[in-house]
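Down below is the structure, laid out as structure tokens.
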Amino acid sequence: MAFQEVATSQALVEGQGIEVVWQGNIIALFRHSGAVYALDGLCMHQGGPLAKGKLAEGTIQCPWHGWKYDLKTGNNSATCQSMLKPYCVREQDGKIEIDFDA
């Protein structure tokens, strides 16, 4: 599978996240310091919506209970354990695309 369009570039504002659903998977997209990131969209603690969380210093903080995850790796900031799947994402021609097989 090649890259699949999941959102438009206009939909993703700097410093914020959006939630998209692709083939039943909830994905959180973020634009932070000019870069685009894509992670599993639900917090591993109790399923909080990460796209509605607070971005700071390369992490996303769950709005429900404050769990933090690294935007690049999906690792939990407190334990450094991998908890969320990061997706290979790119932005081109006004589209945000994810390679779900990478």
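By our numbering, the letter at position 41 of the sequence shown is numbered 332, and the numbering carries on one by one without gaps. Cβ atoms here follow ideal geometry from the backbone N, Cα and C, with glycine treated the same way. Quick caveat: nothing in here was measured; it's all calculated off a predicted structure.
Asked: Segment contact flag, the region 362-373 with the region 293-308, C-beta cutoff 8 Å, min 3 pairs; Found: no
Asked: Spatially closest choice to W355 from I317, P340 and A326, by CA coordinates; Found: P340
Asked: Inter-stretch contact at 8 Å, needing at least 3 Cβ pairs: the region 377-393 / the region 315-332; Found: yes
Asked: C-beta contact flag for G332 and I351 at 8 Å; Found: no
Asked: L330 vs L362 beta-carbon contact at 8 Å; Found: yes
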